[in-house]
Amino acid sequence: MPFANLKVPAGLLSNEQKEVLVHRVTDLYAETFGDAVRDNTMVLIDEVADGGWGIRGEVLTLAKLQQDG
5 MPFANLKVPA GLLSNEQKEV LVHRVTDLYA ETFGDAVRDN TMVLIDEVAD GGWGIRGEVL
65 TLAKLQQDG
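Following this line, the structure appears as structure tokens:
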């Protein structure tokens, strides 16, 4: 079973954006492995708590991401 685990900052994506991600990732797996995997492809979107991750030694918050975006 193909499985994708996407980690995103909590509150960054709307429900509609999450739905688009699920559809697109599922489509990508189907394009890569064949349409037969579509029915068994699982996409999990984990929302990471605000300030619960970082990059380049800097803790990221939703406010910082929205400010830079």
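So for the sequence shown, my numbering puts the first residue at 5; every next one is plus one. Glycine included, C-beta positions come from ideal geometry on N, C-alpha and C. For clarity, every value in this text was computed on a predicted model and none was experimentally measured.
Could you give the residue range of the alpha helix (DSSP H) that holds residue i?
i	result
GLU25	Note that residue 25 corresponds to Leu in the displayed sequence, not to Glu. 19 to 37 is the span of the alpha helix (DSSP H), which, as asked, contains LEU25.
What residues in its chain sit with their C-beta under 7 Å from that of residue i, if we drop five residues either side in the sequence?
i	result
GLN71	none
Just to confirm before moving on: does the CB-CB distance between residue i and residue j stay below 9 Å?
i	j	result
VAL52	LYS22	no
Given this structure, state the Cα-to-Cα distance separating residue i from residue j, to the nearest angstrom.
i	j	result
ASP50	ARG42	21 Å
GLY56	ALA34	32 Å
THR45	ASP31	9 Å
VAL63	ASP54	9 Å
ILE59	PHE37	32 Å
LEU69	GLU20	19 Å
Who are the near neighbours of residue i in its chain, counting only those whose CB is closer than 8 Å to its CB and skipping five residues on each side?
i	result
LEU66	PRO13, ALA14, GLY15, LEU16 and ASP54
LEU48	PHE7, ALA8, ASN9 and LEU10
Considering just the uninterrupted stretch of the beta strand (DSSP E) at residue i, what are its terminal residues?
i	result
MET46	46 to 52
PRO77	No information on residue 77 is available, as it lies outside the stretch 5 to 73 that the chain covers here.
Spatial neighbours of residue i within its chain, please: CB distance less than 6 Å, with the 5 preceding and 5 following residues excluded, ordered by chain position.
i	result
VAL26	VAL47
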